[in-house]
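Participant: Residue numbers are given in full-length UniProt numbering: position 191 of the sequence shown equals residue 191, and the series is strictly consecutive.
Cβ coordinates follow ideal geometry from the N, Cα and C atoms, glycine included.
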Amino acid sequence: MIIQPTSVAALTWLGAAAGASSEGWRIGSVLSARPLGITEQGLMVLQVGALTVEAEAPGTKLPPQFQVRVLSLGAQPQLEILGAASPLDSNVNQALRERLPQQNGYAPLLATVGALSQWSIVRQLPPYLRSALALLEHSMSTPQELSTGDGLRQAINRSGLFLEAQLAQAPASDATTAHDDMKGAMLRLLAILKGQPALNESNDVEVDPPLFYRGVVPQGRLALPPELVHTSEATDFLPRLNADVQAALARLEVAQLQAGAAHWMVEIPVQDMEGADVLQLMLKQQQDAEQGWTMGFSLDLPSLGPIVGELHLRGMRLSVRLWAQRRRTVDQLEEQFDDLRSRLDASGLFLDQLSCQLGLPQAGSSVSAVFLKATV
């Protein structure tokens, strides 16, 4: 369950208000909470730490005492209700508390690596650091690889989400298990960068909540900050590279900690001659009689703009829904529908729905969580 206060409450949570109510509100903090009653308007009154908030009734009974974990700050902070409804052990809770304030997506890291890959800059770096950067780029997928089912499967396997499981199953003599794995490549790069000054050890900017609580959201390319756009000194990039690698690793490890037996969120960097983008996948097995699957994906390409998709497979029946932010992209996708129908017919699947809508779906939770909008 998620408590999602409005921006009014966010001011207090960010420490803008003085007094005890601003104490303890940090990403990853675990606070005590209890329900106090119901207002005349039907809103539930909750005591969270030293702060009293009003929230929409969750539709499920809350215990007399429970705990919440701060997932994100910013315009709409989010709290996750822990306890009986979220049986995470203390080790997982501690790991999440450590990583949530640090986590960020791949886009900043890809921008930094892209700038360092220019020959005039990269040749200034020592050979061992150039080798680590080359391994990171080698671990990224290509559009050609992702165009086949087997290629996509391999990209998911080496996304870093399953690195430890693969290492546990590999023979002790096999030194190549993590060779093309994204997490393995980032860990190697971070070890080489150890000792470099980090940029923003404690992040004061708004940090996205974990992927499980946002659903699939397109992530476009990011521009370099002004101070790095015109520099030609490789050493100017190293503090940012160090921070970007740590943030991307934290994001990946949050996804690992929250992964279940039938629910995964995966981010795959995709590189071509023009640059690197992020493919985000959500895979979830439905716990019903047909054991169906849902796959969500998002991608933001410079040529097509943001795209979101959702596929539902129930037995041999498939439904496909697409969204695109640009009208031209909608038209381009619809032009491929006849070919897609033919391919699905040849595979033996029955297509129940195939549509593409202009605009993007509202970002929301990809898990069965209740969102409450609360005010101070």
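Can the beta-carbon of Gln103 be found closer than 9 Å to that of Ala250?
Facilitator: Contact flag set, yes.
Participant: First and last residue of the beta strand (DSSP E) that includes Thr294?
Facilitator: Residues 293 to 301.
Participant: Rounded to whole angstroms, what's the CA-CA distance from Leu136 to Ala185? Just pull it up for me.
Facilitator: Looking at the two C-alpha atoms, the distance is approximately 5 Å.
Participant: Rounded to a whole number of angstroms, what is the C-alpha to C-alpha distance between Arg34 and Phe66?
Facilitator: If you take the alpha carbons of Arg34 and Phe66, they lie about 6 Å apart.
Participant: Could you spell out the range, first to last residue, of the beta strand (DSSP E) harbouring Ala324?
Facilitator: Residues 317 to 324.
Participant: When you compare each of Thr231, Ser232, Leu190, Cys356 to Ala247 by their alpha carbons, which one comes out closest?
Facilitator: The shortest Cα separation from Ala247 among Thr231, Ser232, Leu190, Cys356 belongs to Leu190.
Participant: At a cut of 8 Å, does the region 297 to 306 reach the region 164 to 172 through at least three beta carbon pairs?
Facilitator: The region 297 to 306, when compared against the region 164 to 172, does not touch it at the 8 Å Cβ threshold.
Participant: Can you grab the Cα-Cα spacing for the pair Asp181 / Leu311, in whole Å?
Facilitator: Computed Cα separation, rounded: 27 Å.
Participant: Going by beta carbon distance, what residues of the same chain come within less than 8 Å of Ala115, once the five residues before and after it are set aside?
Facilitator: These residues qualify, in order along the chain: Ile121, Leu224, Leu228, Phe237.
Participant: Could you pull the DSSP bridge partners for Gly305 from this structure?
Facilitator: Leu301, per the DSSP bridge assignment.
Participant: Determine, using beta-carbon pairs with one atom in the region 268 to 282 and one in the region 327 to 338, whether at least three such pairs fall under 8 Å.
Facilitator: Output reads no: the region 327 to 338 does not touch the region 268 to 282.
Participant: Output the residue ranges of the beta strand (DSSP E) runs that lie fully inside the region 77 to 146 and measure 3 residues or longer, sorted by chain position.
Facilitator: Listed in chain order, the complete beta strand (DSSP E) runs (minimum 3 residues) inside the region 77 to 146 are 78 to 81.
Participant: Given a cut-off of 9 Å, decide if Leu82 and Asn93 are closer than it, judged by their beta-carbon atoms.
Facilitator: Cβ atoms of Asn93 and Leu82: closer than 9 Å.
Participant: Counting only the same chain and skipping the five closest in sequence on each side, list residues whose C-beta sits under 6 Å from that of Lys284.
Facilitator: His263, Thr294.
Participant: What is the DSSP secondary structure of Val217, counted as helix, strand or coil?
Facilitator: Looking at Val217 - three-state DSSP - the assignment turns out to be coil, as it is neither helix nor strand.
Participant: With DSSP as the reference, label Leu281 as helix, strand or coil.
Facilitator: Strand at Leu281.
Participant: According to DSSP, simplified to helix, strand and coil, what is Arg26?
Facilitator: Coil.
Participant: State the Cα-Cα distance for the pair Leu322 and Glu267, rounded to the nearest angstrom.
Facilitator: If you take the alpha carbons of Leu322 and Glu267, they lie about 19 Å apart.
Participant: Using the Cα positions of Gln78 and Leu71, report the straight-line distance between them to the nearest angstrom.
Facilitator: Approximately 5 Å between the Cα atoms of the pair.
Participant: Within the continuous alpha helix (DSSP H) that includes Gln332, where are the two ends?
Facilitator: Where Gln332 is concerned, the enclosing alpha helix (DSSP H) stretches over 327 to 335.
Participant: Are Leu152 and Lys183 close, meaning C-beta to C-beta below 9 Å?
Facilitator: Their beta carbons are not under 9 Å apart, which means Leu152 does not touch Lys183 by this criterion.
Participant: Can you grab the Cα-Cα spacing for the pair Arg343 / Arg314, in whole Å?
Facilitator: When rounded, the distance between both Cα atoms is 18 Å.
Participant: Which two residues bound the contiguous beta strand (DSSP E) that contains Gln357?
Facilitator: It spans 350 to 358 - the beta strand (DSSP E) in which Gln357 sits, taken as one unbroken run.
Participant: Assuming Met182 is part of the beta strand (DSSP E), what are its boundary residues?
Facilitator: No beta strand (DSSP E) contains Met182, which is instead part of the alpha helix (DSSP H) from 182 to 193.
Participant: Of the choices Gly149, Gln357, Gly220, whose alpha-carbon is the least far from that of Gly105?
Facilitator: Comparing Cα positions, the closest option is Gly220.
Participant: Tell me where the alpha helix (DSSP H) around Asp150 begins and ends.
Facilitator: Here the alpha helix (DSSP H) through Asp150 covers 149 to 157.
Participant: So who's on the other strand from Arg34, going by DSSP bridges?
Facilitator: Paired residues: Gln47.
Participant: Determine the DSSP secondary structure at Ala276, reduced to helix, strand or coil.
Facilitator: Note: Ala276 maps to strand in three-state DSSP.
Participant: Give the straight-line distance between the Cα atoms of Gly260 and Thr231, rounded to the nearest whole angstrom.
Facilitator: C-alpha separation (whole angstroms): 44 Å.
Participant: How many angstroms separate the CA atom of Leu129 from the CA atom of Ala234?
Facilitator: Whole-angstrom Cα-Cα distance: 11 Å.
Participant: Buried or exposed for Thr112, please, with buried defined as at least 16 other CB atoms from any protein chain shown within 10 angstroms of its CB.
Facilitator: With 16 or more Cβ atoms within 10 Å of its Cβ, Thr112 is classed as buried.
Participant: Hey, out of Ala165, Gln124, Arg69, Pro101, whose CA is closest to Ala243's CA?
Facilitator: When each option's Cα is compared against that of Ala243, the closest is Pro101.
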